[in-house]
Amino acid sequence: MYARPLHQGRPLTFGVSGMLWRSSLLMFDRESESLWSHVTGNAVSGPLAGARLRMLPAIHTTWALWRATHPDTLALAKRSLAAASQPHRLESDYALGVFVEDEAVGFPFAELERSPLAHVSLSGRPLLVVYVKPAATAVAFRREVGGRVLTFQGLAPENGGWRIEDRETRTRWNAVSGEAVSGPLAGEELKPVPATQAYLTSWRTLYPGGRSWRAPR
């Protein structure tokens, strides 16, 4: 998900170009007809080539897990929804691409399955990547709260959602929303980090020399 920038005083509007670039979809903006990578947010050709969209934190998950995490959600309902024609892909086909400043790291789902709570550092910032295998959902957070760096454990299902616990204070957290639900830090929230879910092949094509996280062996 991206913030739409202004072009000549008006926000850009986007459509699907029908073209691929480095194995991933290209969007176009109707105002300048520039082409943009939907994975990186970079304009790759046209008058705005070289510009980059500002990525916003977002999550790719199942409706069941979203509703369990955000029970008061309102959703747009249509009278009829066509069934998806794309065949189901294996979870191992995907990666979570995490961006901090100018550093990008891919977290393959196959590696996250080995270690579903990944404690890493990007651009000097301590991060946590959480992987919920039953929903094929991965999210990234900053794991510093009130000046203290936290470490997490105990990923487990709870009331339709998932929870974790930090070792330092034994506070329990919603593993998907990042909200502290009980314990000394109740009411605090882990700050989400901009990330995107992509096909692993697309990610490796876009970042051939980029860092790819591996679970401890």
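First residue of the sequence shown? That's 536 in this note's numbering, and the numbers climb one at a time after it.
The beta carbon of each residue, even a glycine, is placed where N, CA and C say it ideally should be.
Under the 8 Å Cβ criterion, the region 607 to 614 does not count as touching the region 681 to 699, having fewer than three qualifying pairs.
Under a 10 Å Cβ-count criterion, V551 is classified as exposed, with fewer than 16 other Cβ atoms of the shown protein chains found around its own Cβ. Annotation for G641: A630, G632, W738, S747 place their beta carbon closer than 6 Å to its own, counting only its chain and skipping 5 residues before and after.
Taking a C-beta distance under 7 Å as the contact criterion, R649 and A750 qualify as a contact pair.
Under the 10 Å beta carbon count, N709 is surrounded by 16 or more other beta carbons and is classified as buried. Restricting attention to I594, P651, M536, the CA atom closest to the CA of R587 is found in M536. In this structure, DSSP gives E648 a helical state, which the three-state scheme calls helix.
For P651 against L690, the beta-carbon gap comes to about 5 Å, under 8 Å, which counts as contact.
Counted as a single uninterrupted DSSP element, the beta strand (DSSP E) harbouring W697 occupies residues 696 to 701.
V680 and L561 have their alpha carbons spaced roughly 37 Å apart.
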